[in-house]
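Structure record follows, encoded as structure tokens.
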Ligand SMILES: NC(=O)c1ccc[n+]([C@@H]2O[C@H](COP(=O)([O-])OP(=O)(O)OC[C@H]3O[C@@H](n4cnc5c(N)ncnc54)[C@H](OP(=O)(O)O)[C@@H]3O)[C@@H](O)[C@H]2O)c1
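Numbering (my numbering), first residue to last: 1450 to 1756.
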């Protein structure tokens, strides 16, 4: 994307909040250790008008008491989008972390996903209620079909009904390629608002992002830091760019996702990393940085075991 186009995109679809939306004790409704006056995370507007934070918190592998504490910490630091899934086995921990944070539920954007074994109309409806119960919530902000397997049509119809009943604010998919989306569009009453797919410096997914934009579907990047694979955190190219701005490899990557207009959901079990990953709204990668990062693309998944 050229600098101009990127700016247009950000102006069109994002509340570009660096330095404008302040999250602090006075505004967040948080109890505990919320710090005052940090630049807030902006949001993009999805195809149904709902706003989604541009940066969120991933919770894969964050289970039990650790999961509770990590989610509470993330919220206290300013994360508002929390991503979980039935298959992560941590929806109870995520719910516990939300309650521990003391935040007003309405300030959060909570995502969960229906797993393959629960595909089909009746099973997906039941799985949704189980996820809600485990989270201790009475609605979800975003519910996704986790993988395009099983009875996707039945699951989608269930999600459309739940959406129309007001139990889910946004419905979407995950790990869908173009063909899967075309199939879904052939019967869908409601166009998905989000497709959550693998994307990081080594598997960038530009073509997928372009295709999704044409359909007005927001791309959300899972494993935005490649889980550290392929030497992400010591990559010399990212480090050289980071040096110019006093930023880490993780921050360069997350800023790059943001400037491409992609929502990302980095995970961390460490408060320092959580904080670092939020601190990406006070610098801007230039065109040459963006081109240099584009050249890191290997265009191949770094998670072949999940294929
Ligand atoms: N839809 C899907 O199929 C799907 C698949 C995979 C993931 N997801 C979602 O996407 C989220 C993110 O992906 P992910 O968890 O696979 O990986 P990730 O966010 O790319 O990377 C997480 C790893 O990076 C480390 N890390 C985080 N911040 C760091 C920093 N500033 N400096 C150094 N290390 C840092 C973490 O270690 P520390 O804990 O030590 O910080 C952790 O080992 C998941 O948690 C999940 O919610 C969805």
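All C-beta atoms in this analysis are idealised placements derived from N, C-alpha and C, irrespective of residue type, glycine included. This structure is a prediction, so every number in the text was calculated from the model and none was measured.
Asked: Verify the contact flag: residue 1673, CB atom, against every heavy atom of ligand 1, threshold strictly below 7 Å.; Found: yes
Asked: What beta strand (DSSP E) runs, 3 residues minimum, are completely inside the region 1611-1645?; Found: 1617-1623
Asked: Quick one: any contact between the region 1545-1565 and the region 1581-1600, if contact means 3 or more CB pairs under 8 Å?; Found: yes
Asked: So, under 8 Å CB-CB, residue 1517 and residue 1549 are touching, yes? Tell me the CB distance rounded to an integer number of Å.; Found: 6 Å
Asked: Return helix, strand or coil for residue 1528, following the three-state DSSP convention.; Found: coil
Asked: Between the alpha carbons of residue 1723 and residue 1577, how many angstroms are there, rounded?; Found: 28 Å
Asked: Whose CA, out of 1521, 1535 and 1715, lies closest to the CA of residue 1575?; Found: 1535
Asked: Quick one: Cα of residue 1582 to Cα of residue 1538, how far?; Found: 13 Å
Asked: With DSSP as the reference, label residue 1682 as helix, strand or coil.; Found: helix
Asked: Quick check: is any heavy atom of ligand 1 less than 7 Å from the C-beta of residue 1626?; Found: no
Asked: On the criterion of 16 or more Cβ atoms from any shown chain inside 10 Å, does residue 1752 qualify as buried, or is it exposed?; Found: exposed
Asked: Please report the residue range of the alpha helix (DSSP H) in which residue 1739 lies.; Found: 1736-1743
Asked: Please indicate yes or no: does the CB of residue 1595 lie closer than 7 Å to some heavy atom of ligand 1?; Found: yes
Asked: What do you get for residue 1749, buried or exposed, if any count of 16 or more other CB atoms within 10 angstroms of its CB means buried?; Found: exposed
Asked: I want to check one thing, is the minimum distance from the CB of residue 1512 to the heavy atoms of ligand 1 below 7 Å?; Found: no
Asked: Look at residue 1639 and residue 1620 and say whether their C-beta atoms are less than 8 Å apart.; Found: yes
Asked: Go ahead and pull the three-state DSSP assignment for residue 1649.; Found: strand
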